[in-house]
Amino acid sequence: MKVPKRLQPLVDDGMVDEVLYQLMSGKEAQVYVVRCGEQVLCAKVFKEAQKRSFKQAVEYQEGRKVRNSRRARAMSKKTRYGQKEQEDAWLNAEVDALYRLAEAGVRVPKPMGFVDGVLLMEMIADAEGKAAPRLDDVTLTETQARDYHARVIAEIVRMLSAGLIHGDLSEFNVLVETSGPVIIDLPQAVNASSNNNAERMLERDVDNMRRYFAKYAPDILVTDYGKEIWALYESGDLRPDSKLTGCFEHDTHSADVDELMAVIDAAKEEERDRQERMLDDDDED
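Numbering (my numbering), first residue to last: 1 to 285.
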(Lines of atoms letter the chains of each structure in order from A and count residues from 1; the text may use other names and numbers.)
(Lines give C-alpha, C1' and ligand atoms only; values in the text may rest on other atoms or scores of the structure.)
Protein backbone atom coordinates (compact mmCIF):
# COMPACT_ATOMS: atom_id res chain seq x y z
CA MET A 1 0.00 0.00 0.00
CA LYS A 2 1.00 3.63 -0.35
CA VAL A 3 3.14 4.75 2.58
CA PRO A 4 1.17 7.11 4.87
CA LYS A 5 2.79 10.51 5.35
CA ARG A 6 3.42 9.98 9.07
CA LEU A 7 5.23 6.68 8.39
CA GLN A 8 7.40 7.98 5.54
CA PRO A 9 10.23 9.22 7.84
CA LEU A 10 10.48 5.74 9.41
CA VAL A 11 10.68 4.19 5.94
CA ASP A 12 13.31 6.72 4.87
CA ASP A 13 15.39 5.96 7.98
CA GLY A 14 15.18 2.20 7.40
CA MET A 15 13.18 1.50 10.56
CA VAL A 16 10.23 0.26 8.50
CA ASP A 17 10.79 -1.69 5.28
CA GLU A 18 7.20 -2.00 4.10
CA VAL A 19 3.71 -0.90 5.11
CA LEU A 20 1.50 -3.94 4.58
CA TYR A 21 -1.98 -2.66 5.41
CA GLN A 22 -4.04 -0.51 7.76
CA LEU A 23 -5.35 -2.53 10.67
CA MET A 24 -7.70 -0.04 12.29
CA SER A 25 -8.53 3.62 12.81
CA GLY A 26 -9.60 4.65 16.28
CA LYS A 27 -10.44 7.70 18.31
CA GLU A 28 -6.84 8.59 19.04
CA ALA A 29 -4.73 6.71 16.51
CA GLN A 30 -4.44 4.72 13.30
CA VAL A 31 -2.71 1.33 13.40
CA TYR A 32 -0.80 -0.17 10.47
CA VAL A 33 0.81 -3.57 10.05
CA VAL A 34 4.40 -3.09 8.88
CA ARG A 35 7.41 -5.20 8.05
CA CYS A 36 10.68 -4.41 9.80
CA GLY A 37 13.30 -6.81 8.47
CA GLU A 38 11.91 -10.27 9.13
CA GLN A 39 9.51 -9.04 11.81
CA VAL A 40 5.90 -8.07 11.28
CA LEU A 41 4.95 -5.34 13.75
CA CYS A 42 2.21 -2.81 14.39
CA ALA A 43 2.82 0.90 13.92
CA LYS A 44 0.43 3.00 15.99
CA VAL A 45 0.26 6.49 14.52
CA PHE A 46 -1.17 8.90 17.06
CA LYS A 47 -3.48 11.52 15.64
CA GLU A 48 -2.80 15.20 16.23
CA ALA A 49 -4.65 16.65 19.21
CA GLN A 50 -7.23 18.57 17.16
CA LYS A 51 -8.11 15.43 15.19
CA ARG A 52 -8.65 13.15 18.17
CA SER A 53 -12.05 12.59 19.72
CA PHE A 54 -10.71 11.15 22.99
CA LYS A 55 -10.56 13.94 25.53
CA GLN A 56 -7.46 14.36 27.67
CA ALA A 57 -9.60 14.42 30.80
CA VAL A 58 -8.08 15.95 33.91
CA GLU A 59 -9.01 12.87 35.92
CA TYR A 60 -6.58 10.79 33.83
CA GLN A 61 -3.72 13.30 33.91
CA GLU A 62 -3.79 13.83 37.66
CA GLY A 63 -0.67 12.44 39.31
CA ARG A 64 1.43 12.18 36.16
CA LYS A 65 4.89 13.49 36.96
CA VAL A 66 6.80 15.92 34.78
CA ARG A 67 10.45 16.06 35.78
CA ASN A 68 11.17 19.49 34.31
CA SER A 69 9.55 22.29 36.36
CA ARG A 70 9.49 24.68 33.40
CA ARG A 71 7.64 22.10 31.30
CA ALA A 72 5.18 21.59 34.14
CA ARG A 73 4.51 25.34 34.33
CA ALA A 74 4.07 25.53 30.56
CA MET A 75 1.59 22.64 30.59
CA SER A 76 -0.56 24.46 33.12
CA LYS A 77 -0.98 27.37 30.70
CA LYS A 78 -2.98 27.58 27.48
CA THR A 79 -0.13 28.85 25.29
CA ARG A 80 0.73 27.05 22.07
CA TYR A 81 3.98 25.81 23.63
CA GLY A 82 2.14 24.67 26.75
CA GLN A 83 -0.38 22.74 24.70
CA LYS A 84 2.43 21.09 22.72
CA GLU A 85 4.17 20.04 25.94
CA GLN A 86 0.90 18.62 27.26
CA GLU A 87 0.38 16.75 23.99
CA ASP A 88 3.87 15.23 24.15
CA ALA A 89 3.31 14.14 27.75
CA TRP A 90 -0.01 12.51 26.79
CA LEU A 91 1.57 10.55 23.92
CA ASN A 92 4.52 9.45 26.04
CA ALA A 93 2.15 8.12 28.73
CA GLU A 94 1.15 5.07 26.68
CA VAL A 95 4.74 4.33 25.68
CA ASP A 96 5.95 4.58 29.27
CA ALA A 97 3.05 2.42 30.48
CA LEU A 98 3.74 -0.29 27.88
CA TYR A 99 7.43 -0.54 28.79
CA ARG A 100 6.60 -0.56 32.50
CA LEU A 101 3.89 -3.19 32.21
CA ALA A 102 5.79 -5.43 29.80
CA GLU A 103 8.70 -5.44 32.25
CA ALA A 104 6.28 -6.35 35.05
CA GLY A 105 5.02 -9.37 33.10
CA VAL A 106 1.64 -7.93 32.15
CA ARG A 107 0.37 -9.28 28.81
CA VAL A 108 0.50 -6.17 26.66
CA PRO A 109 2.02 -5.68 23.19
CA LYS A 110 5.78 -5.47 23.59
CA PRO A 111 6.95 -1.94 22.63
CA MET A 112 9.79 -1.72 20.09
CA GLY A 113 10.30 2.03 19.82
CA PHE A 114 8.63 5.43 19.68
CA VAL A 115 9.57 7.95 16.97
CA ASP A 116 7.82 11.19 16.03
CA GLY A 117 4.44 10.15 17.39
CA VAL A 118 4.62 6.61 15.97
CA LEU A 119 4.76 3.65 18.34
CA LEU A 120 6.26 0.44 16.95
CA MET A 121 5.11 -2.62 18.88
CA GLU A 122 4.51 -6.35 18.75
CA MET A 123 1.62 -7.47 16.58
CA ILE A 124 -0.74 -9.69 18.56
CA ALA A 125 -1.65 -12.54 16.22
CA ASP A 126 -4.16 -15.37 16.09
CA ALA A 127 -3.40 -19.03 15.31
CA GLU A 128 -3.14 -18.24 11.57
CA GLY A 129 -0.68 -15.39 12.08
CA LYS A 130 -3.26 -12.71 11.33
CA ALA A 131 -4.02 -9.78 13.64
CA ALA A 132 -5.86 -11.10 16.70
CA PRO A 133 -9.53 -10.12 17.09
CA ARG A 134 -10.88 -7.88 19.81
CA LEU A 135 -12.72 -9.54 22.66
CA ASP A 136 -15.92 -7.91 21.41
CA ASP A 137 -15.57 -9.76 18.10
CA VAL A 138 -15.28 -13.21 19.67
CA THR A 139 -18.09 -15.53 20.76
CA LEU A 140 -17.19 -17.39 23.95
CA THR A 141 -18.40 -20.54 25.59
CA GLU A 142 -19.31 -20.39 29.26
CA THR A 143 -16.06 -22.14 30.15
CA GLN A 144 -13.99 -19.75 28.01
CA ALA A 145 -15.73 -16.75 29.58
CA ARG A 146 -14.81 -17.87 33.08
CA ASP A 147 -11.24 -18.63 32.01
CA TYR A 148 -10.74 -15.31 30.19
CA HIS A 149 -12.36 -13.35 33.00
CA ALA A 150 -9.96 -14.90 35.50
CA ARG A 151 -7.02 -14.10 33.24
CA VAL A 152 -8.05 -10.46 32.76
CA ILE A 153 -8.51 -10.03 36.51
CA ALA A 154 -5.02 -11.48 37.00
CA GLU A 155 -3.63 -8.94 34.49
CA ILE A 156 -5.39 -6.11 36.33
CA VAL A 157 -3.74 -7.29 39.55
CA ARG A 158 -0.32 -7.36 37.88
CA MET A 159 -0.93 -3.89 36.48
CA LEU A 160 -1.84 -2.47 39.86
CA SER A 161 1.12 -4.24 41.46
CA ALA A 162 3.23 -2.26 38.96
CA GLY A 163 1.46 0.93 40.07
CA LEU A 164 -0.85 1.45 37.11
CA ILE A 165 -4.55 1.22 36.29
CA HIS A 166 -5.78 0.97 32.69
CA GLY A 167 -8.55 3.51 33.25
CA ASP A 168 -10.61 2.66 30.16
CA LEU A 169 -10.69 -1.13 30.11
CA SER A 170 -13.47 -2.79 28.12
CA GLU A 171 -14.06 -5.55 25.58
CA PHE A 172 -12.91 -3.11 22.88
CA ASN A 173 -9.31 -2.89 24.12
CA VAL A 174 -8.63 -6.52 24.90
CA LEU A 175 -7.30 -8.72 22.09
CA VAL A 176 -7.64 -12.50 22.05
CA GLU A 177 -4.61 -14.45 20.87
CA THR A 178 -4.08 -18.20 21.08
CA SER A 179 -2.68 -17.98 24.62
CA GLY A 180 -5.49 -15.74 25.91
CA PRO A 181 -6.36 -12.06 26.45
CA VAL A 182 -3.91 -9.23 25.75
CA ILE A 183 -4.59 -5.71 27.05
CA ILE A 184 -4.08 -2.79 24.64
CA ASP A 185 -4.65 0.99 24.38
CA LEU A 186 -3.09 2.69 27.40
CA PRO A 187 -2.86 6.45 26.69
CA GLN A 188 -5.08 7.11 29.71
CA ALA A 189 -3.20 4.80 32.13
CA VAL A 190 -3.53 6.09 35.69
CA ASN A 191 -0.86 6.27 38.37
CA ALA A 192 -2.56 4.45 41.24
CA SER A 193 -0.65 6.07 44.09
CA SER A 194 -1.10 9.70 43.06
CA ASN A 195 -4.50 9.94 41.39
CA ASN A 196 -7.56 10.62 43.54
CA ASN A 197 -9.76 8.82 40.99
CA ALA A 198 -7.68 5.63 41.04
CA GLU A 199 -9.99 3.50 43.17
CA ARG A 200 -13.06 4.45 41.15
CA MET A 201 -11.28 3.77 37.84
CA LEU A 202 -10.01 0.39 38.99
CA GLU A 203 -13.51 -0.65 40.04
CA ARG A 204 -14.91 0.62 36.75
CA ASP A 205 -12.38 -1.44 34.77
CA VAL A 206 -13.22 -4.55 36.81
CA ASP A 207 -16.97 -3.93 36.54
CA ASN A 208 -16.75 -3.48 32.76
CA MET A 209 -15.08 -6.87 32.48
CA ARG A 210 -17.54 -8.47 34.88
CA ARG A 211 -20.54 -7.25 32.90
CA TYR A 212 -19.07 -8.36 29.58
CA PHE A 213 -18.08 -11.89 30.59
CA ALA A 214 -21.33 -12.35 32.52
CA LYS A 215 -23.14 -12.35 29.16
CA TYR A 216 -21.67 -15.83 28.68
CA ALA A 217 -21.32 -16.93 32.32
CA PRO A 218 -23.99 -15.16 34.45
CA ASP A 219 -22.51 -16.35 37.75
CA ILE A 220 -19.62 -13.90 37.21
CA LEU A 221 -22.04 -11.10 38.14
CA VAL A 222 -21.88 -12.06 41.83
CA THR A 223 -18.12 -11.45 42.03
CA ASP A 224 -16.67 -8.32 43.61
CA TYR A 225 -13.01 -8.32 42.60
CA GLY A 226 -12.64 -4.55 42.29
CA LYS A 227 -13.06 -3.71 45.96
CA GLU A 228 -11.09 -6.78 47.01
CA ILE A 229 -8.13 -5.82 44.79
CA TRP A 230 -8.16 -2.21 45.97
CA ALA A 231 -8.37 -3.23 49.64
CA LEU A 232 -5.27 -5.42 49.20
CA TYR A 233 -3.46 -2.61 47.37
CA GLU A 234 -4.37 -0.01 49.98
CA SER A 235 -3.15 -2.25 52.81
CA GLY A 236 0.12 -2.97 51.00
CA ASP A 237 -0.71 -6.67 50.63
CA LEU A 238 -1.28 -6.82 46.87
CA ARG A 239 1.19 -8.98 44.95
CA PRO A 240 1.32 -9.91 41.23
CA ASP A 241 0.30 -13.46 42.16
CA SER A 242 -2.21 -12.57 44.91
CA LYS A 243 -4.94 -15.16 45.26
CA LEU A 244 -8.39 -13.59 45.16
CA THR A 245 -11.76 -14.81 46.35
CA GLY A 246 -14.05 -12.55 44.33
CA CYS A 247 -15.80 -11.65 47.58
CA PHE A 248 -15.63 -8.49 49.63
CA GLU A 249 -17.18 -7.70 52.99
CA HIS A 250 -18.52 -4.17 52.83
CA ASP A 251 -18.13 -1.90 55.84
CA THR A 252 -21.60 -1.18 57.23
CA HIS A 253 -20.43 1.14 60.02
CA SER A 254 -21.49 4.77 59.81
CA ALA A 255 -18.74 7.21 58.87
CA ASP A 256 -17.34 9.53 61.54
CA VAL A 257 -18.07 12.85 59.81
CA ASP A 258 -15.91 14.93 62.19
CA GLU A 259 -12.94 12.64 61.65
CA LEU A 260 -13.49 12.70 57.88
CA MET A 261 -13.59 16.51 57.81
CA ALA A 262 -10.40 16.65 59.89
CA VAL A 263 -8.66 14.42 57.35
CA ILE A 264 -9.91 16.61 54.47
CA ASP A 265 -8.72 19.80 56.22
CA ALA A 266 -5.32 18.25 56.86
CA ALA A 267 -5.03 17.22 53.22
CA LYS A 268 -5.94 20.75 52.08
CA GLU A 269 -3.31 22.24 54.39
CA GLU A 270 -0.71 19.79 53.10
CA GLU A 271 -1.57 20.74 49.53
CA ARG A 272 -1.24 24.47 50.35
CA ASP A 273 2.19 23.80 51.84
CA ARG A 274 3.18 21.82 48.74
CA GLN A 275 2.07 24.61 46.43
CA GLU A 276 4.03 27.15 48.44
CA ARG A 277 7.14 24.97 48.26
CA MET A 278 6.71 24.69 44.49
CA LEU A 279 6.47 28.48 44.20
CA ASP A 280 9.62 28.87 46.29
CA ASP A 281 11.42 26.34 44.09
CA ASP A 282 10.29 28.17 40.96
CA ASP A 283 11.62 31.47 42.32
CA GLU A 284 14.98 29.80 42.83
CA ASP A 285 15.16 28.53 39.22
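Yeah, the Cβ is synthetic: ideal placement off N, Cα and C, and Gly gets one too.
Remember, it's a predicted structure, so these values are computed and weren't measured experimentally.
Alpha-carbon to alpha-carbon, Val45 and Glu18
15 Å
What residues match up with Ala43 in a beta bridge as DSSP calls it?
Tyr32 and Leu120
Assign Arg239 to one of three DSSP states: helix, strand, or coil.
coil
Is the number of C-beta pairs between the region 178-190 and the region 144-158 that are closer than 8 Å three or more?
Touching, per the Cβ criterion.
What is the DSSP secondary structure of Pro9, counted as helix, strand or coil?
helix
Under 8 Å between C-beta atoms of Ala217 and Ala104
no
Can Cys36 and Leu23 be called in contact, C-beta distance under 8 Å?
Not a contact, by the Cβ cut-off of 8 Å.
With DSSP as the reference, identify every bridge partner of Pro181, one or two as the case may be.
Val176
Measuring alpha carbon to alpha carbon, tell me which of Val118, Leu169, Ala192 and Ser179 ends up nearest Asp207.
Among Val118, Leu169, Ala192 and Ser179, the Cα nearest to that of Asp207 is on Leu169.
If you run the structure through DSSP and keep just helix, strand and coil, what is Gly113?
strand
8 Å CB neighbourhood of Leu7 in its chain, flanking five on each side removed:
Answer for Leu7: Val16, Val19, Tyr32, Val34, Ala43, Val45 and Val118, listed in chain order.
Can you tell me the Cα-Cα spacing of Arg200 and Thr139, whole angstroms?
C-alpha separation (whole angstroms): 29 Å.
Please classify Val115 as buried or exposed, where buried requires at least 16 other C-beta atoms within 10 Å of its C-beta.
exposed
Val19 - containing alpha helix (DSSP H), residue span:
It is not in any alpha helix (DSSP H) - Val19 instead sits in the beta strand (DSSP E) that spans Glu18 to Ser25.
By alpha-carbon positions, which one of Ala132, Ser161 and Lys5 ends up nearest to Ala306?
Residue 306 is absent from the structure shown; the chain starts at 1 and stops at 285.
Pick from Gly226, Glu234 and Tyr148: whose alpha carbon is nearest that of Thr178?
Tyr148
Going by the DSSP bridge assignment, what does Ala189 pair with across the sheet?
Ala189 is not bridged to any residue.
Beta-carbon separation (whole angstroms), Asp205 vs Ile264, contact threshold 8 Å:
Going by Cβ atoms, the distance from Asp205 to Ile264 rounds to 27 Å, so no, they are not a contact pair.
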